[in-house]
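Everything in the sequence shown is counted per the working numbering, starting at 35 for the first residue and increasing by one.
Quick reminder that beta carbons are idealized off the backbone N, C-alpha and C, glycines included.
Note that the structure is a prediction, hence the values are computed from the model and not measured.
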Amino acid sequence: MIHLAIFASGKGTNAEAIINYFRNSRDVAVGLVVSSHPDAGVIEVAKKNRIPVAVVTKENLYDSQELLEVLSRHEISFIVLAGFLWYVPAYVLENYPNRIINIHPALLPRHGGKGMYGRKVHEAVLNAKETETGITVHYVNERYDEGEIIFQKKCSVEPDDDATTLEAKVQRLEHEYYPKVIEKILLQEPVRL
Ligand code: GAR
């Protein structure tokens, strides 16, 4: 069984889609949710699904390596970021080489980087008058949103779209594809979806 951890800071709709997808899997189990916010919606999602939660503070994430012990206690071998606000510290990257992925709500390399999170990304897409947006799943390295791209899926930006409608369209893609992409990577199958 492969145990994965989901790192998330927000509502947790992606975390919920991932948890639901792997609920009856014989190969993959969501073993831990790590959140940077004690009152994030994702914590409720985890509790509802009886998944252990670790809340990290900036201090214990960046000034200690406590998180490694927590990950190892839960036998975590793969990390999935799903709306995690903070950068992943080097000691975690070193311990999980090519085993940390992220989803970004736009077509990288456009509209990524520090501070580009959630709504802000959709607003940037609208301001740039893009005709297409979508999702990008990529490996995580020490630079925000610059790791190798694994998968992208596009959707159109229509003239009457605003940040709310774009977010809804993009999140539909996220919920449909992110769990499947995770599964393909974990089972070492080509990601062709
Ligand atoms: C998702 O749309 C994800 O792509 C985005 O945060 C949202 C979290 O929503 N991530 C980023 O913007 C990363 N830069 P959720 O809590 O409902 O899953």
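Item to check | 7 Å Cβ cutoff met for S69 and V76 | outcome: Within the sequence shown, numbered from 1, the residue matching residue 69 stands at position 35. Within the sequence shown, numbered from 1, the residue matching residue 76 stands at position 42. Result yes, Cβ atoms of S69 and V76 sit closer than 7 Å.
Checklist entry - Do N48 and the ligand GAR come close, with the Cβ less than 6 Å from some heavy atom? => result The residue labelled residue 48 in the question sits at position 14 within the sequence shown. N48: yes, Cβ under 6 Å from the ligand GAR.
Checklist entry - How would you call A162, buried or exposed, if buried means at least 16 neighbouring beta carbons within 10 angstroms? => result Numbered from 1 along the sequence shown, position 128 holds the residue referred to as residue 162. Per the 10 Å Cβ criterion, exposed.
Checklist entry - Heavy atom of the ligand GAR less than 6 Å from the Cβ of G152, yes or no? => result Residue 152 sits at position 118 when you count from the first residue of the sequence shown. Distances between the C-beta of G152 and the heavy atoms of the ligand GAR include at least one below 6 Å.
Checklist entry - What residue range is occupied by the uninterrupted beta strand (DSSP E) comprising I135? => result Counted from its first residue, the sequence shown places residue 135 at position 101. Per DSSP, I135 belongs to the beta strand (DSSP E) from 134-138.
Next on the checklist: For a test of the three-state rule: what should DSSP assign to S106, helix, strand or coil?
Outcome noted: Counting from one through the sequence shown, the residue named residue 106 turns up at place 72. Secondary structure of S106 (DSSP, three-state): helix.
Checklist entry - So what's L115 in DSSP terms, helix, strand or just coil? => result Position 81 of the sequence shown, counted from the start, is the residue given in the question as residue 115. For L115, the three-state secondary structure derived from DSSP is strand.
Next on the checklist: Going by the DSSP bridge assignment, what does I169 pair with across the sheet?
Outcome noted: The residue you call residue 169 lines up with position 135 of the sequence shown. Paired residues: K187.
Item to check | Cα-Cα separation, V87 to L66 | outcome: Start at 1 with the first residue of the sequence shown, and residue 87 comes out as number 53. Start at 1 with the first residue of the sequence shown, and residue 66 comes out as number 32. Looking at the two C-alpha atoms, the distance is approximately 6 Å.
Item to check | Contacts around I184, its chain only, beta-carbon distance under 8 Å, and the 5 residues preceding and following it disregarded | outcome: Mapped onto the sequence shown, residue 184 falls at position 150. Cβ within range, chain order: I135, V171, H172, Y173, V215, I219, V225.
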